[in-house]
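For reference, the structure is listed below as structure tokens.
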Amino acid sequence: MQYLLLIYQNEAEYAKIDTGTTQKMSAEYETFTQSIIQNGNFKAGDRLRPTTTATTVRVRDGKTLTTDGPFAETREQLGGYYLVEAKDLNAAIEIAARIPSARVGSIEVRPIWVYDK
17 MQYLLLIYQN EAEYAKIDTG TTQKMSAEYE TFTQSIIQNG NFKAGDRLRP
67 TTTATTVRVR DGKTLTTDGP FAETREQLGG YYLVEAKDLN AAIEIAARIP
117 SARVGSIEVR PIWVYDK
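Numbers given in my numbering equal positions in the sequence shown, counted from 1, plus 16.
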């Protein structure tokens with residue numbers, strides 16, 4: 017079964033981290049990513065640009081409305097994701113717990129809704 021692992025972290029707090037620490041975390045991400053590729057769990061994954069670059073789209077009464085930034089004000093922002101293959105929710109949680117940002121933010125684990133083709 018596929019799970020989307022959504023990585024949330026406080027962007028303002030992350031911006032305060034020194035260069036050495038961010039380089040160490042980047043190296044940890046590389047190691048983690050390579051491990052899930054080698055284990056066959058990796059399907060896709062990307063880091064997202066900051067929320068200041070986001071645009072929210074809504075359609076109301078047939079009109080497309082756009083707003084700069086994310087829809088909700090939250091303490092943590094979506095910073096990236098992994099799409100993984102795992103045998104069950106427990107296995108997906110084990111993978112999510114290894115994501116470096118789990119130590120400073122949170123990882124949301126969501127099963128993918130597979131549509132019949």
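Even glycine gets a Cβ: it sits at the ideal position worked out from N, Cα and C.
Per DSSP, the continuous alpha helix (DSSP H) segment holding E44 begins and ends at 35-54. By a beta-carbon distance limit of 8 Å, G121 contacts I23. Their separation comes to about 7 Å. Under DSSP, L21 forms a beta bridge with Y98, V125. Under DSSP, the beta-bridge partners assigned to T83 are T72. The alpha carbon of E44 has as its nearest neighbour, out of E124, R126, P116, the alpha carbon of P116. Counting along the chain, A112 sits inside the alpha helix (DSSP H) bounded by residues 105-113.
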